[in-house]
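K.L.:
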Amino acid sequence: MSPDLINEHSNEKLLDLLYWMMLTRGVDDRSEALFKQGRFPGSIFSQDGHEAISVGSSIVLEEGDAIAPMHRDLGSYLVRGMSPGRIFAQAMGRTGGPSRGRDVNTHGLGDLSLRIFGYVSHLPQSMGVALGAAYSFLYRGEDRVAMTYFGDGAASEGGCHEALNLAAVLDAPIIFILENNRYAFSTPLEKQCRIENLAIRAQGYGIPGVTIDGTDILAVLDATREAVERARSGAGPSLIECKNLRLKGHAIHDPADYVPAELMEYWKARDPIELFRERLEKNGVLDETTLSSLRSRVENEIEEGVRWAENSPWPEPGTLEEDVFA
Ligand SMILES: Cc1ncc(C[n+]2csc(CCOP(=O)(O)OP(=O)(O)O)c2C)c(N)n1
Ligand SMILES: [Mg+2]
138 MSPDLINEHS NEKLLDLLYW MMLTRGVDDR SEALFKQGRF PGSIFSQDGH EAISVGSSIV
198 LEEGDAIAPM HRDLGSYLVR GMSPGRIFAQ AMGRTGGPSR GRDVNTHGLG DLSLRIFGYV
258 SHLPQSMGVA LGAAYSFLYR GEDRVAMTYF GDGAASEGGC HEALNLAAVL DAPIIFILEN
318 NRYAFSTPLE KQCRIENLAI RAQGYGIPGV TIDGTDILAV LDATREAVER ARSGAGPSLI
378 ECKNLRLKGH AIHDPADYVP AELMEYWKAR DPIELFRERL EKNGVLDETT LSSLRSRVEN
438 EIEEGVRWAE NSPWPEPGTL EEDVFA
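Printed below as a string of structure tokens:
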């Protein structure tokens, strides 16, 4: 765990990071419960174990920057301004969701007014979309950056290498966050490649690449800050590989029984939220009262979000052909 980084942040900022991770876990847990109650036709991709990555990276961005999150990046959506209510409404197929009831999946979970691209289901094609945004910033001389996410599985696809290479050649202001959670659905890393740290591939593109602990939010934030500064200064893209494990199955239907028990135990003891909570307590930043008020704040926001989503109307059948471009 990054030893000194805690001193670089105010207590307010540290508690804010904890809050966003707790909200992410809370929305994810509630989504699972709503799914089991039959109130959620959409599928749920577990976020457990990814909160430090999605929150720690997206929190570095500024208004006007663009982000192309993937299916483990609920934290990025929340941090970038998408409310829990809209996220629930999306999975419920209500008009309050970003795709206005056209899609009950996270695929349609984009909002250009927040500069969030809904992700492209075909892995890893969101990387190219984010690169397009980054290049447009460069072309127009705008002081903005783009950030995108992809998994170890997506890293084995050709589009990943095309996006990284082109970003390097263009000196595009983009940050590539690689979530190496050791599995692509049920395929373990060792069946995909013969290397342990995927960031070494950055050398092949001529860009910086680092491998960091994806359970340590301060390490994620620190690495991202450096990459964002680099991109803003005109020095081009960076690759940040965050290592972790998905603490549940790929999606709600998957019990992940192919993951060895010892491996799961090892990473469960490194739950990013628990690690950070303990660290804040040890450093005198968090006490029981503050924690319980954070918990109630999160719980209230989730309750409010569910209520808002369930009150949001279903789409009118007559609007079926709206937003269809081809
Ligand atoms: C080209 C393509 N093949 C297969 C899928 C189905 N699929 C969706 S997510 C996923 C696993 C991706 O693994 P990884 O990139 O490691 O991300 P993780 O789910 O582990 O976060 C698969 C196989 C897809 N969306 N696109
Ligand atoms: Mg993976």
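If you read the sequence shown in my numbering, its first letter stands for residue 138, the second for the next number, and so on.
Built from N, CA and C at the ideal position, the CB exists for glycine as well.
Small disclaimer: the values here were computed from a predicted structure and weren't measured.
Between Ile314 and Ser194, which are expected to be in contact by the criterion C-beta below 8 Å, what is the C-beta distance as a whole number of angstroms?
P.N.:
Your pair Ile314 and Ser194 checks out as a contact, with CB atoms roughly 5 Å apart and the cut at 8 Å.
K.L.:
By the DSSP assignment, the beta strand (DSSP E) with Leu376 in it spans what residues?
P.N.:
375-380
K.L.:
Cβ of Val192 within 8 Å of Cβ of Val164?
P.N.:
With contacts defined by Cβ atoms closer than 8 Å, Val192 and Val164 do not form a contacting pair.
K.L.:
Is it buried or exposed, Met138, if we count other Cβ atoms within 10 angstroms and call 16 or more buried?
P.N.:
Classification of Met138: exposed, given that the 10 Å Cβ count is below 16.
K.L.:
Restricting to runs no shorter than 4 residues, where is the alpha helix (DSSP H) found entirely within the stretch 319-381?
P.N.:
339-342, 354-369
K.L.:
Relative to the alpha-carbon of Leu335, which residue among Thr324, Leu307, Asp308, Ala292 has its alpha-carbon at the smallest distance?
P.N.:
Ala292
K.L.:
According to the neighbour-count rule (16 or more other Cβ atoms, all chains shown, within 10 Å of its Cβ), is Val461 buried or exposed?
P.N.:
Classification for Val461: exposed.
K.L.:
Taking all protein chains shown into account, do 16 or more other C-beta atoms lie within 10 angstroms of the C-beta of Ile337, making it buried, or fewer, making it exposed?
P.N.:
exposed
K.L.:
Just to check, is the beta-carbon of Gly175 closer than 7 Å to a non-hydrogen atom of ligand 2?
P.N.:
Gly175: no, Cβ never under 7 Å from ligand 2.
K.L.:
Our contact map puts Phe254 next to Ala205 with C-beta atoms below 8 Å; I'd like the distance itself, whole angstroms only.
P.N.:
4 Å
K.L.:
On the DSSP bridge assignment, give the partners of Ala205 in chain order.
P.N.:
According to DSSP, Ala205 bridges with Thr285.
K.L.:
Is the beta carbon of Tyr214 within less than 7 Å of some heavy atom of ligand 1?
P.N.:
With a cut-off of 7 Å, the C-beta of Tyr214 is classified as distant from ligand 1, since no heavy atom of the ligand falls inside that distance.
K.L.:
How is the alpha helix (DSSP H) around Ile410 delimited, first residue to last?
P.N.:
409-419
K.L.:
Do the stretch 216-232 and the stretch 386-401 meet, that is, are 3 or more Cβ pairs less than 8 Å apart?
P.N.:
No contact exists between the stretch 216-232 and the stretch 386-401.
K.L.:
In chain order, what residues of the same chain lie with their CB nearer than 7 Å to the CB of Ala319, ignoring the 5 residues before and after it?
P.N.:
Here residue 319 turns out to be Arg, not Ala, going by the sequence shown. Taken in chain order, the residues that qualify are Asp289, Pro325, Leu326, Leu382.
K.L.:
What does DSSP give as the partner residue(s) for Ile314 in the beta ladder?
P.N.:
Tyr286, Ile377
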